[in-house]
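*Asks:* Let me give you the structure first, and then I'll get to my questions.
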Amino acid sequence: MKLDSLFMAVPGQNFEELDALIERSLPDTSDLRRGKPYVQSVGRPAQRLIQVTGPRLITGEEDRMYFAELDNQLNVGPLVWAIQGGQILEQNTDTAAGPLFARVQWNNSFDRPYLGLASRTVPVWGAIDIEYSIPDCKLIPGNQLLNYGMNPFQLEASNCAYGPYATIERTWKLRDVYGANVWQLLPGVTALTYNPPPVTRPWMMYQMVTKTFNVNGDLLLSRTSPAVSVRLIPFNAGSIATSNLVIPINTTPIAAHQNLPSGGMYSTQNGASLNYSWEVSYDNGTWQVFGTGQNFPGLPATSAQITRVRRLAFVSNISLAGIPEEYWKAYSNTLEFKTIYYTVDFENRNYIRELVVLTRGVTTFIEADQLPVQKKAQTTTYLDGLSRPEQTVGKAVHFDAATNSWWDMVQPIAYEAGGRVDKTYLPYATMSTPGKYKATSIAEQNSFYQARFNDTKAFTKLLYEPDPTGRVRSVIGPGEDWSVPEIGKTATLLRFSGELIPHWTIGYGSGGTQWPVKDAVYANSSLVKQMVVDEQLGTMITYTDRTGRLILKKVQLTEEPELDETGWSKTYYVYDDFGRLRFTITPKAAQALYTANWLFNADIQKLCFQYEYDEYGRVITKKSPDKAIEHIIYDQRDRIVFVQDGNLRQKAVNSWLTTLYDELDRPVATGIYTSATADANYLKGRIASAGGRVAINTTYGGQV
């Protein structure tokens, strides 16, 4: 509708000019498409304007309210609303009666609809243009998952036509994904809703197409909704169950049918049948079929550590062409049975059991455990609640001639209140509970020795110092005869006043050319002195430095020894700067050194043990008293491969004792290697430059 058809009563007004001015005044609609609010007013320059406000963005045939305001509320005379693309349902054009408004029903009838308000007497007007939004094409519900034969929910499509059009055409399509898999027209279905038929196929898809046409029947727009799915619930194989997943070895696993299969193509409506196949796997091996039918067919006794059982269910007696297995074939849950082995001498206690097999052909623990006692040695260490050993039992290791039978050997272990071993009991023999824990072992041990030896103290007694160090103060040997307070006493001191203990240094020459040199004596309190009284009431004293190295050990020889060498058998230990033992000065050498004012000579050197090392800290030469130097050579894996003592060195041709190893570094062969050029340096060089290895394989029980 043109404005001049509405404003004919306005004198001197060119309505075609007004209409064109409004058309030119309408703004670009890009802001509206981006969802921005808009208020637009147009008018001739220098004219009082009318502002029209209201929703610009509409989706179709909608009912909307619009309002207008006059600048400064001036008197502009009678007003009239002008509209294009809709119909005014209610309006007010009298400012005295209230707000200026128009209630509009839009009808998609024009390309560019608008609403305007103009004065009938003066050239004042205002207008707002309208933009159609693009509605979404939707189908609800989006996806449905149903059992066979169930009726899907009604599908409802949104009205996604927009813009000016004359007619609308709506069509529905479906697609059988596992059938023809093409979109096909649903004839006669044109409404915004559709009720799909009951579900008989695994996956059906639906969509709606909306087309708009102008008055001439020309297609303006075609819009297709997103597809929605109606699918079958996948086939469920049902479940199986058992009362116990832990079974003793060599027993039969037991399973039971729990729930029937369901879902997928199985239904009582289509005549489908159910079939079953039971499968088993031992120790994670391959699956094997062992029976059919709905119920558990039974299994033989098993010794496998893990036995897994499952049931395959599948649909038959109907056409399944092109349908994935998930809709007609599936496995149940898997039952995993674990076997436990109760040993021959099983006990519900904490213990560590060691079996030494004394026969051939035994490769597993179970086989070893079931051997008779004549073919194995069984030792069990029992632990208390703090994981401390409290008893050791050797099964059938003592033959008792009086009874002509094998008895256990038992050694009890006792702890004092501080958690330290205070008594080390001698082992005893018994017939009670063969191979198992002895609940009254200490009483049995006491009775055993009292009956046979008339002795009630068949144990070693340890007495500790009453301080946090936990050092042993006294060790009293087993037997009543040794239960003397003075025997086994131990004392630890930091002071040794009056004793002059030599401090030694040594160089790094080779071939036994380096001898220790006394450069000082140890200062008082620089060594830890420990004294022990033995069963002969003799005293043994050891001296260790702050790093724990043994410096001197001396044993009492006379009843009243002196502070010097008199009355003692002394052994000195000499270390180099790297803490490696280089010399062991024997008691005979120590006495000679004392006489020689602690100066070494060749004769004294022969009385000592001597050691030399390479750059890797390995002993390469070793000399014992009155024995020639012994050379030792290693391979690249630090294994001793060549040894030469004085006798081998004196042979006409250089000879070495050689050792060959297997790939696990175990000696497998020894022999004598001879070569005119094979001295120590030659062999070391050859080993260092060796680029390959020769494997030596050994078959035990056969031949090397």
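Numbered continuously in numbering that gives the first Met the number 0, the sequence shown closes out at residue 703. Where is the CB? At the ideal position from N, CA and C, for every residue including glycine.
Three-state secondary structure (DSSP) at P196?
*Replies:* Of the three classes helix, strand and coil, the one that applies to P196 here is coil, per DSSP.
*Asks:* Which same chain residues end up closer than 6 Å to A457 when comparing Cβ atoms and leaving out the 5 residues on each side of it in sequence?
*Replies:* Closer than 6 Å at the Cβ level, and outside the excluded window around A457, lie L425, Y448, P477.
*Asks:* Would you grab the beta carbon distance between M149 and V176 for me? Rounded to a whole angstrom, and I think it's under 8 Å.
*Replies:* Contact doesn't hold; Cβ gap of about 18 Å is too wide.
*Asks:* Counting Cβ pairs closer than 8 Å, one from the segment 158 to 172 and one from the segment 214 to 229, do we hit at least three?
*Replies:* At 8 Å Cβ cutoff, the stretches touch.
*Asks:* Under DSSP, the beta strand (DSSP E) around E89 begins and ends at which residues?
*Replies:* Its beta strand (DSSP E) spans residues 85 to 91.
*Asks:* Kindly list the residues whose CB is nearer than 8 Å to the CB of K650, restricted to its own chain and excluding five residues on each side of it in sequence; keep chain order.
*Replies:* Same-chain partners within the cutoff: T673.
*Asks:* Per DSSP, which residues does D407 bridge with? Please list them.
*Replies:* Its beta-bridge partners are T429.
*Asks:* Give the secondary structure of S568 by DSSP, where H, G and I count as helix, E and B as strand, and everything else as coil.
*Replies:* Reduced to three states, the DSSP call for S568 is strand.
*Asks:* Span of the beta strand (DSSP E) holding Q183?
*Replies:* Run containing Q183: 183 to 185, per the beta strand (DSSP E) assignment.
*Asks:* Using C-beta distances below 6 Å, list every residue in its chain close to Y593, excluding the 5 sequence neighbours before and after it, in chain order.
*Replies:* Closer than 6 Å at Cβ, skipping near neighbours: E564.
*Asks:* For the alpha helix (DSSP H) containing P252, list its first residue and its last residue.
*Replies:* Segment: none, P252 is in no alpha helix (DSSP H) and carries neither H nor E.
*Asks:* Got a sec? Which residues, its chain only, sit under 6 Å from G645 by beta carbon, not counting five neighbours each side?
*Replies:* Cβ within range, chain order: A627.
*Asks:* Rank I129, E335, V314, I475 by C-alpha distance to the C-alpha of Y275 and give the top, closest one.
*Replies:* Residue V314 is the option with its Cα nearest to Y275.
*Asks:* Check this for me: beta carbons of V279 and Q287, under 7 Å apart or not?
*Replies:* It is a contact, given that the beta carbons lie within the stated cut-off.
*Asks:* How about the segment 353 to 366 and the segment 434 to 447: do they share at least three Cβ pairs that are nearer than 8 Å?
*Replies:* Verdict: no, contact absent.
*Asks:* Can you tell me whether I82 is helix, strand or coil according to DSSP?
*Replies:* If DSSP states are grouped into helix, strand and coil, I82 belongs with the strands.
*Asks:* Is the distance from the Cβ of N332 to the Cβ of S238 below 7 Å?
*Replies:* Going by C-beta atoms, N332 is nearer than 7 Å to S238.
*Asks:* Answer with buried or exposed for A687, where buried requires no fewer than 16 other C-beta atoms within 10 angstroms of its C-beta.
*Replies:* Its Cβ having fewer than 16 others within 10 Å, A687 is exposed.
*Asks:* Roughly how many angstroms separate the alpha carbons of T658 and V667, rounded to a whole number?
*Replies:* Rounded to whole angstroms, T658 to V667 spans 8 Å at the Cα level.
*Asks:* Could you name the residues that DSSP lists as bridge partners for Q535?
*Replies:* Bridge partners of Q535: none, in fact.
*Asks:* Residue range of the alpha helix (DSSP H) that K683 falls in?
*Replies:* Run containing K683: 679 to 687, per the alpha helix (DSSP H) assignment.
*Asks:* For the alpha helix (DSSP H) containing E366, list its first residue and its last residue.
*Replies:* Element bounds for E366: 364 to 368.
*Asks:* Can G360 be considered in contact with the ligand MG, in the sense that its beta carbon sits closer than 6 Å to one or more heavy atoms?
*Replies:* Among the components modelled here there is no ligand, and therefore nothing to report on the ligand MG.
*Asks:* Between G417 and the rest of its own chain, which residues show a CB-CB distance below 7 Å, the 5 nearest in sequence each way excluded?
*Replies:* Cβ within range, chain order: n/a, list empty.
*Asks:* Does DSSP put K435 in a helix, in a strand, or in coil?
*Replies:* Note: K435 maps to coil in three-state DSSP.
*Asks:* Starting from R309 and walking both ways along the alpha helix (DSSP H), at which residues does that stretch end?
*Replies:* Note, R309: premise wrong, no alpha helix (DSSP H); beta strand (DSSP E) at 305 to 315.
*Asks:* Within 10 angstroms of the Cβ of R685, are there 16 or more other Cβ atoms? Answer buried if so, exposed if not.
*Replies:* Label assigned to R685: exposed.
*Asks:* Can you tell me where the alpha helix (DSSP H) holding A588 begins and where it ends?
*Replies:* Here the alpha helix (DSSP H) through A588 covers 586 to 594.
*Asks:* Pull up the DSSP beta-bridge partners for R222, would you.
*Replies:* In DSSP, R222 forms a bridge with T209.
*Asks:* V532: buried (16+ other C-beta within 10 angstroms of its C-beta) or exposed?
*Replies:* Buried, by the Cβ-count rule.
*Asks:* Between the C-alpha atoms of I500 and K621, what's the straight-line distance to the nearest angstrom?
*Replies:* C-alpha separation (whole angstroms): 26 Å.
*Asks:* Whole angstroms is fine: what's the gap from R55's alpha carbon to P260's?
*Replies:* Between R55 and P260, the C-alpha separation is close to 59 Å.
*Asks:* So, is E366 buried or exposed, given that buried needs 16 or more other C-beta atoms within 10 angstroms?
*Replies:* Answer is exposed; the Cβ neighbour count stays below 16.
*Asks:* Identify which residue in F398, P560, N453, R419 has its Cα closest to the Cα of P467.
*Replies:* Out of F398, P560, N453, R419, R419 has the C-alpha closest to the C-alpha of P467.
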